[in-house]
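My numbering numbers the first residue of the sequence shown as 869 and each following residue consecutively.
For glycine and all other residues, C-beta sits at the position ideal for the given N, C-alpha and C.
All of these numbers come straight from a predicted model, not from anything done at the bench.
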Amino acid sequence: MSQEDGGRTPTYPLPVEGALEPPTGWAELRDRCPVAPVVLPSGDGASLLTRYDDVKQVLSDPRCTRRLDADDAARISANETGGVFNDSMAASLNGAGQQRWRRMLTKWFTAKRMTALRPGIEAMAERLVDDMVERGGPADLKASVGFPLPVWVICDLLGVPDTDRDRFARWSDMLLNLTRYGQDEIETAQAEFHAYLAAHLDAKRAEPGEDLLSSLLTATDADGGRLTDTELVATGQALLIAGHETTANMIGKMVALLLADRRRWERLVADRSLVRTAVEEVLRFDANPGFGMPRYVTEDIEVAGTVLPRGTTVVCSMAAANRDEGAFEGAGGMRLDRSPNPHLSFGTGPHSCLGQSLARTELQTVLDVLLRRLPTLELAVPVPELRRIEGLLVGGLCEVPVRW
């Protein structure tokens, strides 16, 4: 599926100018080329979707699958195997067993369970803010609060020690590679991560706890079947990566977006009842969420008047869709009280983000704590000096320098 760029087909991800700004090409693509050919970091070709209705259609269509391990699927990343979307570990949680897997995990992410988790998340956020304040400003809010909070939460959920968080971060970065790491480094990280989780599962078999992985060791589906060891390791890996990388980055971006125009922060300080809608608006407005969601087309489909043949790899840019004026009035501006706000940041349809209720709980809790504890919080550098993370599937900021 490799294709030559020839100076005409844009490379994806699209270039950006500012750390918090959207690519300049989004609006033009939505208007003129809603199904756009792009070249991925691997050099393979794909079709990019940027309109709200089109992204929602494809993410909900059962003919648009997660089987990026198909022989003719585009490789995403620049390394030999094409990255985490294309590898066999991802495949083990896809296909016919994906909904079975989701059903077995869903009870761990109910609204009732999130409500029960909230006091612990709030107490941890308070401790992290205490430590940051004690060390004095300026501080990197991402390193001080944004990273350790979700790592603690997901480690507690899985029953793994959060003292291993630096190892998880290193393994996650390598497995979320776009252009940063080579194949040997990635294979080493995959092997180390797999061995770590296999040993952890053996320990849980010998001495089960109250955590998710202990529960899954004995859980059965409607037909009495259990998850295989491969599926259990893939589950731990997926939750550790998704549970800390995305939320850690989102905490940093949320604070940076709200402080970039300090009137937003001051409005929330004055009225913390807006925290819930503000979090949803930050999720919608985030122009740097990462790669987007690739899908592999198993039958010819029509999107925006264009036929996508079987074997096409489609990249759904939920972030571009969230800026579609056809779906959101004043989409290019932030409205902290926007409601309803049917953004696509967590996807939609049967493959929407399993942990979205947990992510929302963490984001709302940490924002509420920061507003209450540090009402004078401000960025310690000008917005143009904020730096984006490059070369990974997830989007984020390298650091979020703040003072108070």
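Subject >> Straight-line Cα distance separating residue 1149 from residue 1203 >> reply: If you draw a straight line from the Cα of residue 1203 to the Cα of residue 1149, it comes to about 7 Å.
Original post:
Is residue 1275 helix, strand or coil when you go by DSSP?
Top reply: A question about residue 1275 goes unanswered here, because the residues of the chain that appear run from 869 up to 1272.
* **Sequence-distant residues of its chain with Cβ nearer than 8 Å to residue 1244 (five each side left out)** => Taken in chain order, the residues that qualify are 1272.
- prompt: Cα-Cα, which of 1112, 1129, 1103 is closest to residue 971?
  reply: For residue 971, the nearest C-alpha among the options comes from 1103.
Checklist line | Pick from 933, 994, 976, 1048 that is closest to residue 1259, judged by C-alpha positions | finding: The shortest C-alpha separation from residue 1259 is found at 1048.
### Task
Assign residue 1051 to buried or exposed, taking buried as 16 or more other Cβ atoms, counted over all protein chains shown, within 10 Å of its Cβ.
Counting the other CB atoms within 10 Å of its CB gives residue 1051 a total below 16, which places it among the exposed residues.
Given a threshold of 16 other Cβ atoms within 10 Å of its Cβ, counted over all protein chains shown, does residue 1105 qualify as buried or as exposed? Buried, by the Cβ-count rule.
C-alpha distance - residue 1174 paired with residue 1067, whole-angstrom precision
The straight-line gap from Cα to Cα measures roughly 49 Å.
> Alpha carbon to alpha carbon, what distance is there between residue 1034 and residue 929?
Replying inline: When only Cα atoms are considered, residue 929 and residue 1034 end up about 38 Å apart.
Notebook entry, point to check: What's the gap between the Cα of residue 1226 and the Cα of residue 1158?
Noted result: Computed Cα separation, rounded: 19 Å.
Sequence-distant residues of the same chain with beta carbon closer than 6 Å to residue 882, five excluded per side: These residues qualify, in order along the chain: 891, 893.
- At least three beta-carbon pairs within less than 8 Å, the stretch 1189-1209 to the stretch 1084-1096: Touching, no, given that fewer than three Cβ pairs across the two stretches are closer than 8 Å.
Three-state secondary structure (DSSP) at residue 904? If DSSP states are grouped into helix, strand and coil, residue 904 belongs with the strands.
| query | residue 882 by DSSP, collapsed to three states: which one? | reply | Of the three classes helix, strand and coil, the one that applies to residue 882 here is coil, per DSSP.
Looking only at its chain, what residues have a beta carbon closer than 7 Å to the beta carbon of residue 1110, apart from the 5 residues adjacent to it on each side? Residues 1223 of the same chain have their beta carbon placed closer than 7 Å to that of residue 1110, with the five preceding and five following residues left out of the count.
- Item | Beta-carbon proximity check, residue 1152 vs residue 1209, cutoff 7 Å | Yes. Within cutoff.
Does the stretch 911-926 come within contact of the stretch 1171-1191, defined as at least 3 CB pairs closer than 8 Å?
-> With a cut-off of 8 Å, the stretch 1171-1191 and the stretch 911-926 count as touching, because enough Cβ pairs lie within range.
Residue 1009 and residue 1261 closer than 7 Å at C-beta:
Not closer than 7 Å, so no.
Leaving out five residues on either side along the sequence, give the residues of the same chain with a beta carbon under 7 Å from the beta carbon of residue 1205. Correct list, in chain order: 1142, 1145.
Practice task
Closer than 7 Å by C-beta to residue 874: which residues in its own chain qualify, once you throw out the five before and the five after it? Chain order, please.
Solution key: Confidence at residue 874 is low in this model, with a pLDDT of 46, below 50, so the placement of that residue should be treated as unreliable; the coordinate-derived value is given next. Beyond the five residues adjoining it in sequence on each side, residue 874 comes within less than 7 Å, by CB distance, of no other residue in the same chain.
Open item on the list: Would residue 1156 and residue 1263 be called neighbours here (beta carbons separated by less than 7 Å)?
Closed with: It is a contact, given that the beta carbons lie within the stated cut-off.
Near residue 1250, which residues of its chain fall below 7 Å by C-beta distance, leaving aside the five closest residues on each side in sequence?
Contacts found: none.
- [ ] Mind checking who residue 915 pairs with in its DSSP beta bridge?
- [x] Per the DSSP secondary-structure output, residue 915 pairs in a beta bridge with 905, 1182.
Residue 945 and residue 909: beta carbons closer than 7 Å?
In this structure, residue 909 lies closer than 7 Å to residue 945 by Cβ.
Q. From this set, 1058, 877, 889, 884, which residue's C-alpha is nearest residue 903's C-alpha?
A. The residue from 1058, 877, 889, 884 with its alpha-carbon nearest to that of residue 903 is 877.
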